[in-house]
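*Asks:* Protein chains in written order, with the working numbering: chain A, 5 to 635; chain B, 21 to 99.
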Amino acid sequence: MTQNKTLDISENDIKKTIALAGNPNVGKSTIFNALTGLNQHTGNWTGKTVSNAIGKYTYNNRTFEIVDLPGTYSLFAGSAEEEVARDYIENGNPDAVIIVCDATCLERNLNLALQIINISNRVILCVNLMDEAEKKGILIDCDELSMQLGCEVVSVIARSEKGLDTLKAKTEEVCDSPPQKFLRKIDFSGCSTEEERTVKYVSASEEIATKCVSFNKAHYDKRDRILDRLFTSRLTGIPIMLLLLGGIFWLTIVGANYPSEMLSKLFNFLQIYISSFFDYINAPLWLSGILVDGVYKTVTWVVSVMLPPMAIFFPLFTLLEDFGYLPRVAFNLDKFFRKSGADGKAALTMCMGFGCNACGVIGCRIISSPRERIIAMLTNSFVPCNGRFPTLIAIITMFLIGGVSSSVGNSLLCALVLLLVIVLGVVITLLASRFLSKTILKGESTCFALELPPYRRPQIGKVIVRSILDRTLFVLGRAVTVAVPAGAIIWIFANINIGNSTLINTVSSFLDPFASMIGLDGIILLAFILGFPANEIVFPIILMAYLSQGSLTEYESLSQLHDLLLANGWTVTTAICTMLFSLCHFPCSTTMISIYKETKSKKYTAIAFLLPLCIGILICFVTKNILSLVL
Amino acid sequence: MNNEAVYLWDLSVGDKAKVQNIETSDFIKRRMLDMGLIKGTYIEVLQKSPAGDPVAYFIRGAVIALRDEDTKKILVEKV
Numbered sequence: 005m006t007q008n009k010t011l012d013i014s015e016n017d018i019k020k021t022i023a024l025a026g027n028p029n030v031g032k033s034t035i036f037n038a039l040t041g042l043n044q045h046t047g048n049w050t051g052k053t054v055s056n057a058i059g060k061y062t063y064n065n066r067t068f069e070i071v072d073l074p075g076t077y078s079l080f081a082g083s084a085e086e087e088v089a090r091d092y093i094e095n096g097n098p099d100a101v102i103i104v105c106d107a108t109c110l111e112r113n114l115n116l117a118l119q120i121i122n123i124s125n126r127v128i129l130c131v132n133l134m135d136e137a138e139k140k141g142i143l144i145d146c147d148e149l150s151m152q153l154g155c156e157v158v159s160v161i162a163r164s165e166k167g168l169d170t171l172k173a174k175t176e177e178v179c180d181s182p183p184q185k186f187l188r189k190i191d192f193s194g195c196s197t198e199e200e201r202t203v204k205y206v207s208a209s210e211e212i213a214t215k216c217v218s219f220n221k222a223h224y225d226k227r228d229r230i231l232d233r234l235f236t237s238r239l240t241g242i243p244i245m246l247l248l249l250g251g252i253f254w255l256t257i258v259g260a261n262y263p264s265e266m267l268s269k270l271f272n273f274l275q276i277y278i279s280s281f282f283d284y285i286n287a288p289l290w291l292s293g294i295l296v297d298g299v300y301k302t303v304t305w306v307v308s309v310m311l312p313p314m315a316i317f318f319p320l321f322t323l324l325e326d327f328g329y330l331p332r333v334a335f336n337l338d339k340f341f342r343k344s345g346a347d348g349k350a351a352l353t354m355c356m357g358f359g360c361n362a363c364g365v366i367g368c369r370i371i372s373s374p375r376e377r378i379i380a381m382l383t384n385s386f387v388p389c390n391g392r393f394p395t396l397i398a399i400i401t402m403f404l405i406g407g408v409s410s411s412v413g414n415s416l417l418c419a420l421v422l423l424l425v426i427v428l429g430v431v432i433t434l435l436a437s438r439f440l441s442k443t444i445l446k447g448e449s450t451c452f453a454l455e456l457p458p459y460r461r462p463q464i465g466k467v468i469v470r471s472i473l474d475r476t477l478f479v480l481g482r483a484v485t486v487a488v489p490a491g492a493i494i495w496i497f498a499n500i501n502i503g504n505s506t507l508i509n510t511v512s513s514f515l516d517p518f519a520s521m522i523g524l525d526g527i528i529l530l531a532f533i534l535g536f537p538a539n540e541i542v543f544p545i546i547l548m549a550y551l552s553q554g555s556l557t558e559y560e561s562l563s564q565l566h567d568l569l570l571a572n573g574w575t576v577t578t579a580i581c582t583m584l585f586s587l588c589h590f591p592c593s594t595t596m597i598s599i600y601k602e603t604k605s606k607k608y609t610a611i612a613f614l615l616p617l618c619i620g621i622l623i624c625f626v627t628k629n630i631l632s633l634v635l
Numbered sequence: 021m022n023n024e025a026v027y028l029w030d031l032s033v034g035d036k037a038k039v040q041n042i043e044t045s046d047f048i049k050r051r052m053l054d055m056g057l058i059k060g061t062y063i064e065v066l067q068k069s070p071a072g073d074p075v076a077y078f079i080r081g082a083v084i085a086l087r088d089e090d091t092k093k094i095l096v097e098k099v
């Protein structure tokens, strides 16, 4: 760098825009996060960049805005993500494009790199995962690569942030320089078909890789193949998958118990002071009612019940994701999903649904065929999201495993029952997909080419921080936002009298006849309806409603809740039907909005609402009647 | 070049082969091409999924899972 930039203030003021492109699973998001830190616009679902996340970093007192494009294998094969990426590179006028490549698999990555080079004139190739490559005995000659491609090449180890400064320096240099003259543009003369053009790209990639990459270990991927045999073989694939999932649930249940209790004790303790403050300022009774008994109680319940399990579940799940396990789940389950007329990648979006159904719905963009994509979106809510786990866990603990003692045996049993509920959710997902593909979304499933990326040692520290910031606080924040008005509304419902009964009683007794047909009661059904903005608040609403009528005013532990529910007529049948209805009812409003935005179809949005609701009503009705014969 | 052409689907785990022709529809072919699967590409059969389909293949340094219905249309010769 010869030019002196610090003197040229007017130039320094101009913001530079950089596009970040690359194949999926090459650590693109890691680089994006490492460059921008927390300066990001969208709370995108980590690792699954589906819309353009935008972040900023400062280098030499200048602002660089960086646009994280969706990970794709190509720019021209016509999937939604590829169109987004290509459109931005061609029409978004970025000042430069950083192409992220995986050093362990450079040749395949070069295909996309050459396509991007063909339509840009300022490019930096960033070869990531150099440490992994070194471990596998793969050597990359970056100087030769730079010669071959005609652009800057920077080698990077994003996870330990090595090479990022060089990347920033080169990026600035490229932005300020004239367009690169020697970029390797492919000559398409003589090519008449798209296929011939693609073959040219692939052949050029092969030629460059031969010159720049050398392999020094014959079986460099031995460890990956052994792990694959363990995780995906006929004998061990599915059992290990269930064990891993069950293990995560068990750790969540065991680990969340104690902090949940501590939090609710703390909040109850604080409530005394808050109440006396309201007394002190002589606040009217209705005001302290709405704010303390309504808003405060609901919010603190949501926080103390949801925060601990999420703070355990999300990091554990993210670790599995970081490790590279999720594509193996899609590999294991593809056949089952395909038999149902869905796509194997629906197994991945289903896994995302465990975190948040709205995120799962958006994640469906990874499914390339529109028919399968819609099926996956419409059936995503059949797996319980994090807003529903706490409800399920609480009900299982109280009613189905007899007692609330926190022994290891009990918690294992609890995890097992939860796993069964989830397996049931998966089975319903498959049956509903099959139903859809036989009726309104007829058709055969199409191509499936799923990459099984190398396993990577997860970065435990970063995973915990990121999953708590990105996911836990994101979901919790949303829940609290909804819980505040909901708490107020519920209090008003429970304290406004029409004639000689409260509004909540009037409405719930109106719902009672129908609700009892499906094993619930009016309050539970009302809670699901009021909980439409967020499933998290369904259980708190049920409790609030019961509390407002009854004798209990303080609740500290599950056994007290158990007594409360029993006093309000809950039986094992009620518990089972509530769990089933929680598994199958209309998706929350955020998910509905996502489905509408993704499908742009009122019809499919309506089906997304009605399908799980009808299935839920049917299942609950049948279950209730069977149980009434047995019990 | 003295091996007879078979479909990728016919191979067993551990077999290695060279692609001769892809006989699928254009859409699927595009996807295959983007994975670097063109005439002359070397492929190794790595691993079957629990249901036996799809199967994982080693293609140009990456592990790619393909379905039976597609591998029944990829003509290869064993090497």
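Every residue gets a Cβ at the ideal spot worked out from N, C-alpha and C, and that includes glycine.
Anything in chain A within Cβ reach of GLN67(B), meaning under 7 Å, just list it in chain order.
*Replies:* What GLN67(B) touches in chain A: ASP232, ARG233 and THR236.
*Asks:* May I have a chain-ordered list of the alpha helix (DSSP H) segments no shorter than 4 residues that lie completely inside the region 475-506 of chain A?
*Replies:* If we require 4 residues or more, the alpha helix (DSSP H) runs fully inside the region 475-506 of chain A come out as 477-499.
*Asks:* Got a sec? Which residues, its chain only, sit under 6 Å from ASP12(A) by beta carbon, not counting five neighbours each side?
*Replies:* Any reading at ASP12(A) is ruled out, since the residue's pLDDT is 47, under 50, leaving its predicted position unreliable.
*Asks:* Would you kindly work out how many angstroms separate the C-alpha atoms of LEU424(A) and ASP191(A), rounded to a whole number?
*Replies:* Cα to Cα, the separation comes out at about 57 Å.
*Asks:* Mind the definition here: the region 511-523 of chain A touches the region 576-592 of chain A only if three or more C-beta pairs lie below 8 Å; say whether that holds.
*Replies:* Output reads yes: the region 576-592 of chain A touches the region 511-523 of chain A.
*Asks:* Using beta carbons (cut-off 8 Å, strictly below), is GLY34(B) in contact with chain A?
*Replies:* Chain A, which has no Cβ nearer than 8 Å to the Cβ of GLY34(B), makes this no.
*Asks:* Note the first and the last residue of the continuous beta strand (DSSP E) segment covering SER31(A).
*Replies:* What sits at residue 31(A) in the sequence shown is Gly, not Ser. Segment: none, GLY31(A) is in no beta strand (DSSP E) and carries neither H nor E.
*Asks:* Near LYS36(B), what residues of its chain come up, given a Cβ to Cβ distance below 6 Å and the 5 sequence neighbours on each side ignored?
*Replies:* Once the five neighbours on either side are set aside, the close Cβ partners of LYS36(B) are GLU64 and VAL99.
*Asks:* Compare the C-beta of ASP145(A) against all C-beta atoms of chain B and say whether one is closer than 8 Å.
*Replies:* Answer no: the Cβ-Cβ gap between ASP145(A) and chain B never drops below 8 Å.
*Asks:* Comparing the C-beta of GLY51(A) with each C-beta of chain B, is any distance below 8 Å?
*Replies:* Bear in mind that the predicted position of GLY51(A) carries a pLDDT of just 36, short of 50, making it unreliable; the figure below should be weighed with that in mind. So no, GLY51(A) is outside the interface.
*Asks:* Under the three-state reduction of DSSP, which class applies to GLN119(A): helix, strand or coil?
*Replies:* Helix at GLN119(A).
*Asks:* Which stretch, first to last residue, makes up the beta strand (DSSP E) that contains VAL217(A)?
*Replies:* Note, VAL217(A): beta strand (DSSP E), 217-219.
*Asks:* Is any beta-carbon of chain B found at less than 8 Å from that of LEU248(A)?
*Replies:* So no, LEU248(A) is outside the interface.
*Asks:* At the 8 Å Cβ level, is VAL158(A) part of the contact set with chain B, yes or no?
*Replies:* No, its Cβ sits nowhere closer than 8 Å to a Cβ of chain B.
*Asks:* Listing by chain order, which chain A residues have their CB less than 8 Å from the CB of LYS49(B)?
*Replies:* Within 8 Å Cβ-Cβ: GLU199.
*Asks:* Does DSSP classify ALA538(A) as helix, strand or coil?
*Replies:* Looking at ALA538(A) - three-state DSSP - the assignment turns out to be coil, as it is neither helix nor strand.
*Asks:* Helix, strand or coil for ILE84(B), going by three-state DSSP, please let me know.
*Replies:* Looking at ILE84(B) - three-state DSSP - the assignment turns out to be strand.
*Asks:* Could I get the ranges of all uninterrupted alpha helix (DSSP H) runs contained in the region 386-450 of chain A, with 4 residues as the minimum, in chain order?
*Replies:* Listed in chain order, the complete alpha helix (DSSP H) runs (minimum 4 residues) inside the region 386-450 of chain A are 393-399 and 412-442.
*Asks:* Could you tell me which of LYS269(A), GLU176(A), ALA38(A) and VAL178(A) sits nearest to ARG163(A), measuring between CA atoms?
*Replies:* When only C-alpha atoms are compared, the closest one is ALA38(A).
*Asks:* At a Cβ cut of 9 Å, what residues of the region 151-180 of chain A count as close to chain B, listed as they run along the chain?
*Replies:* Listed by position along the chain: nothing, the set is empty.
*Asks:* For a contact defined as C-beta to C-beta under 8 Å, what are the partners of PHE335(A) on chain B?
*Replies:* Those are SER69, PRO74, ALA76 and ALA85, listed as they occur along chain B.
*Asks:* With a CB to CB cut of under 6 Å and the five nearest residues on each side skipped, what residues in its chain are close to LYS93(B)?
*Replies:* Only GLU43 and THR44 meet the Cβ criterion.
*Asks:* Starting from the beta carbon of SER78(A), find every residue of chain B whose beta carbon is closer than 7 Å, and list them in chain order.
*Replies:* Chain B residues near SER78(A): ASP54.
*Asks:* Got a sec: which bits of the region 357-373 of chain A sit with their beta carbon under 7 Å from any beta carbon on chain B, in order along the chain?
*Replies:* Those would be none; no residue qualifies.
*Asks:* Taking VAL309(A) as the reference, give the member of THR476(A), HIS589(A), ALA571(A) and PHE281(A) with the closest Cα.
*Replies:* Looking at the Cα atoms, THR476(A) is the closest of the given residues.
*Asks:* Compare the beta carbon distance of TYR550(A) and LEU570(A) with 8 Å and say whether it is the shorter of the two.
*Replies:* Not closer than 8 Å, so no.
*Asks:* Does ALA222(A) pass the burial test, meaning 16 or more other C-beta atoms within 10 Å, or should it be called exposed?
*Replies:* Per the 10 Å Cβ criterion, exposed.
*Asks:* Report yes if the C-beta distance between LEU153(A) and LEU129(A) is below 8 Å; otherwise report no.
*Replies:* Closer than 8 Å, so yes.
*Asks:* Since PHE68(A) is in the beta strand (DSSP E), which residue starts that stretch and which ends it?
*Replies:* It spans 66-72 - the beta strand (DSSP E) in which PHE68(A) sits, taken as one unbroken run.
*Asks:* Looking at VAL39(B) and the ligand HEM, is the gap between the Cβ and the nearest heavy atom below 7 Å?
*Replies:* Absence of the ligand HEM from the depicted structure is noted, as is the absence of any ligand whatsoever, leaving it without description.
*Asks:* Rounded to the nearest angstrom, what separates GLY364(A) and THR353(A) at their Cα positions?
*Replies:* Cα-Cα distance, rounded: 5 Å.
*Asks:* Could you compute how far the alpha carbon of LYS269(A) sits from the alpha carbon of VAL258(A)?
*Replies:* Distance between the alpha carbons of LYS269(A) and VAL258(A): 18 Å.
*Asks:* Using a C-beta cutoff of 8 Å, does THR304(A) count as contacting chain B?
*Replies:* THR304(A) does not count as touching chain B.
*Asks:* Give the residues of chain A in contact with PRO82(B), contact being defined as C-beta atoms less than 7 Å apart.
*Replies:* According to the sequence shown, residue 82(B) is Ala rather than Pro. Simply CYS109, ARG112 and GLU455.
*Asks:* Mind checking which residues open and close the beta strand (DSSP E) that includes CYS105(A)?
*Replies:* 100-106 is the extent of the beta strand (DSSP E) around CYS105(A).
*Asks:* Starting from ASP338(A), find everything on chain B with Cβ-Cβ shorter than 8 Å and list it in chain order.
*Replies:* The contacting residues are SER69, ALA71, ASP73, PRO74, ALA85 and ARG87.
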